[in-house]
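Numbering (my numbering), first residue to last: 6 to 1118.
Input: a single structure, listed below in structure tokens.
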């Protein structure tokens, strides 16, 4: 695990330094008073940063292995990652420091260890007997490249084949090379005039461990006698070999070739194959050879007692099957089943009942590792159904475009989501239990529930149960089904705001208490959903269209009228804000032929059947204006108590009453200021630059970064659609993105700073003006220029009146300023506790017949009732921007604390979160630092260099939540969770599952019958006698270098609890501290004092008991 250099901050850095930045002595005095009244309990020791778990499909997988006794699956990747899977809920992630690709994995079956071979020609031995596996030994080959490894069952000698065609032998206990080497020229002798190529296969004869089968790439196979050090037989074939597999009786083996053929050889008949099969070749009538097919990359040959053997292979399809998906072929007797896969096959393994290669294999399943999926096929059932995968490997089913993380959710929420999600499950899976069932679950120490919501490029949203460091999909919502799907490109003229993925989710706003969900999509659309357990059919989908302009001079406005901020009571909106709820052809273009008043997507006009779960309440779309597409939405907020949703972009802000289905507010950003606009802005035409098209997944997204705000990610394309700071991006030609498409002569080159976007929105009940004596509902608006504006909400009474009377909104005139774009806002009461936004509890929308008679319940805002408190001290606003954080006293609006978070970088994500019965501000900066600050005094509590911003995926998905949890998308397929809570770090070891469990190795098969057949060769070979130093001498020192692993004391503890426990007991009695440990049970090794002393003693004991298994050390 990576070690962090944690810079903890002394508690002496109290609010005095923060107060120094306040503007007056009076404010300093006020801050001092405040500090004495609010007791802050969080200190530096409450914080510690560490990774917890990684979920999802291993990105770019490259290798696969399975322990048939422990029932643990291992997957290696091209980036050097190692993922281990046991029973559902038992997962582990490890990383090779070099980052080199894993080319092969080999379990030491039922020993709690794993050997990994990497593309940088290193071998590593992993100890799996501890919750966080560690490397015990490494061996670096200097002169040869590793191509294939083989470790026989219950052997300590690992065969390593190389690119030069040689085979070296490694002792996995000491991780040293034997002097015994099989040289390629000795192996092939005169059978070939040329080099046979790299070693592609090594295996010992199942019935005679003294015979080693070596496959060379060129097509030569050699059966090598280990004792006599010479080849018994050589088998030559014209076609290159990809893999080899034995029949369990040791009389036959099968090879797969590059021309799509399989050759079966009798061991004692090397002149020609016993049988040649072309599984997918067309048999020609005149007896000619079948046409060549694609290479068969791997073959396995598995026998059964009751019937025909299974031959399972990947590849080998005919070349004329263009566009055919990758296939796994299962040949059983006379039947051949071709199983199509969704992605390319990386590797596959057949799971068998026995670990012994010389017994009937009895295969029961096939694990198929695909490029982007893991599939298990049931071989025992007709039709070969797949097992239902219990692991959370579908995060990337469609690329993740945003995510949100919620901790301490209402207790009934996960069961409710699970019950509606259970109806979505596919049918036709195998009825058997998932066969990868090893390991044990950890101890659950968390009592609260956690939910992760992911938004995807195809418009889908997934809800995940993330409680207790596990992950399980609960429910999937498809937002795209509300829109008409275009059949071809000619029918999609309106979606060209983006070239692909027009339904991609950009922002998610969710109220866990009321279960109201609101999403903003890439095509400038907003959809509001209400949760229901009943199925409904919506005849007409409720829809609003909003015309949001960037406007300075009214003269330039096409309609020539200003949008009134307060709607008239009768209509609730003005005609300009809402286009009729249809798509008549007459509205699709303006007088000069430009597209106008049409949205980017077309809502279905047929009845929509909505299953239990999230159901559409309202669809809102921004429309084209005079030939220009609507700008993407940069911020979004919903409030269930008020029945309002608000969203903004770089043109302005719109507020919608989703209960009355009316637009309440439609203002350009500049109009929010009224006469208080602090910026000098040039007038311009409403026609602006076309937004660059493109999805959410690329690092270079074609956005222009203003020169004078190059450090800011939100100034060009705000919020979730971030652009890299200039120093990380290739040069972009600013002129290419200018207003070249506009044909208006009045267009002037405006200062990019004036394109002020809405970057943060927060509904609350607080003081809107300095003169207020009591809090009232309002909306706080943050912009990319660091301005905070307050909009007052005048809500009608609840019940029926709420649906009849209009909501009145009006700017308050309050303006606050920070440096950098506003990211997050929150409010504290007089005690320093977080004031949550008002919300209504969830109730079934369609069942409550008395709804009109009931007033809507709204959670009261937490305000201290004490009359002795001064009114001016009632609340505090916490505002976090890209550069700094401020705490502002309300209603006086005095800044009482300020913290400059970063000077040289910018904050990507800031969240006000609860931890240990208190609250803090957590920030993630583009320079890789994670920081936390106390509230309200903004004392620095944690500052750790964790993760530099290497791509937009991290910036788009990083989020903090309560109880010290955070996450981000570490690769396109995986979520990395971390904690910044000291308590969680301490409990993590208990919460992690155990991979290794004590399982008795199955009994070996009775080999009596075969002894006569093979002249006693079925007896196990004394490899020590052949490969040991006394027999074969020492290997050349320059060939490979031994590197001790960093397993440390924890590794020793884990190892000592296993098969070497008895030896450890004898050694521990002599420990230098003189403590006598007595009877050593399975976990006595936890009492070891140090890794160094144990390692020294272990070495001495190993020499004394060298026949015992000591390789865990």
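We treat Cβ as the ideally placed atom computed from N, Cα and C, and that holds for glycine.
Everything numeric in this text was worked out from a predicted model, so none of it was measured.
| query | result |
| --- | --- |
| Coil, strand or helix - residue 1128 by DSSP | Residue coverage of the chain in this structure runs from 6 to 1118, which leaves residue 1128 outside it and unanswerable. |
| Short CB-CB distance (under 8 Å) between residue 140 and chain C | Considering every chain present, this structure includes no chain C. It has just one protein chain. |
| Contact the region 457-471 vs the region 437-447: 3+ CB pairs below 8 Å | no |
| Residue 424, enclosing alpha helix (DSSP H) - first and last residue | 418-426 |
| Candidates 305, 263, 940 and 230: closest to residue 272 by CA position | 230 |
| Beta-carbon contacts of residue 760 that lie in its chain and below 7 Å, excluding the five residues immediately before and after | 655 |
| Proximity to residue 609 [Cα-Cα], best of 983, 548, 373 and 459 | 548 |
| Local Cβ density within 10 Å of residue 416, reported as buried at 16 or more and exposed below that | exposed |
| Three-way DSSP call (helix, strand, coil) for residue 272 in this model | coil |
| Close-in-space but distant-in-sequence residues of the same chain around residue 627 (CB under 6 Å, 5 per side omitted) | 529, 551, 553 and 635 |
| Option in 59, 43, 48 and 53 with minimal Cα separation from residue 981 | 59 |
| Euclidean distance between Cα positions of residue 89 and residue 95 | 8 Å |
| Backbone secondary structure at residue 541 - three-state DSSP | strand |
| Collapsed DSSP secondary structure at residue 1039 in the structure displayed | strand |
| Validate contact between the region 303-311 and the region 253-261 using beta carbons, cut 8 Å, 3 pairs | yes |
| Contact the region 423-430 vs the region 973-992: 3+ CB pairs below 8 Å | no |
| Every unbroken beta strand (DSSP E) within the region 316-384, with a cutoff of 3 residues, ordered by chain | 332-337, 340-345, 350-357, 368-375 and 379-383 |
| Straight-line gap, residue 213 to residue 1026 (C-alpha atoms, nearest Å) | 8 Å |
| Residue 401 and residue 430 closer than 8 Å at C-beta | no |
| Same chain, Cβ closer than 8 Å to residue 1043, five either side skipped, listed in chain order | 147 and 148 |
| Same chain only: Cβ atoms within 8 Å of residue 670, ignoring 5 sequence neighbours per side | 570, 651, 658, 659, 660, 796 and 814 |
| Under 8 Å between C-beta atoms of residue 380 and residue 391 | yes |
| For residue 75, three-class secondary structure by DSSP | coil |
| Per DSSP, cross-strand counterpart(s) of residue 209 | 217 |
| Limits of the unbroken beta strand (DSSP E) element including residue 400 | First-last for residue 400: undefined, no H or E at that position. |
| 8 Å Cβ shell around residue 1183 - same chain, five flanking residues per side excluded | Here the chain comprises residues numbered 6 to 1118, so residue 1183 is not present and cannot be evaluated. |
| Test item: CB-CB of residue 69 and residue 352 under 8 Å | yes |
| Identity of the residue in 527, 523 and 770 nearest residue 506 by Cα | 527 |
| Rounded distance between the beta-carbons of residue 881 and residue 941, thought under 8 Å | 5 Å |
| Bridge partner(s) assigned by DSSP for residue 951 | Answer by DSSP bridge pairing: none, since residue 951 is not bridged. |
| Distance between residue 606 and residue 488 (C-alpha atoms, nearest Å) | 7 Å |
| Residue environment, residue 511, which counts as buried when at least 16 other CB atoms sit within 10 Å | buried |
| Helix, strand or coil at residue 925 according to DSSP, with G and I counted as helix | strand |
| Among 832, 965 and 169, nearest to residue 456 - alpha-carbon criterion | 965 |
| Bridge partner(s) assigned by DSSP for residue 652 | 641 and 659 |
| Host alpha helix (DSSP H) of residue 131 (start-end) | No alpha helix (DSSP H) holds residue 131; the beta strand (DSSP E) holding it covers 127-132. |
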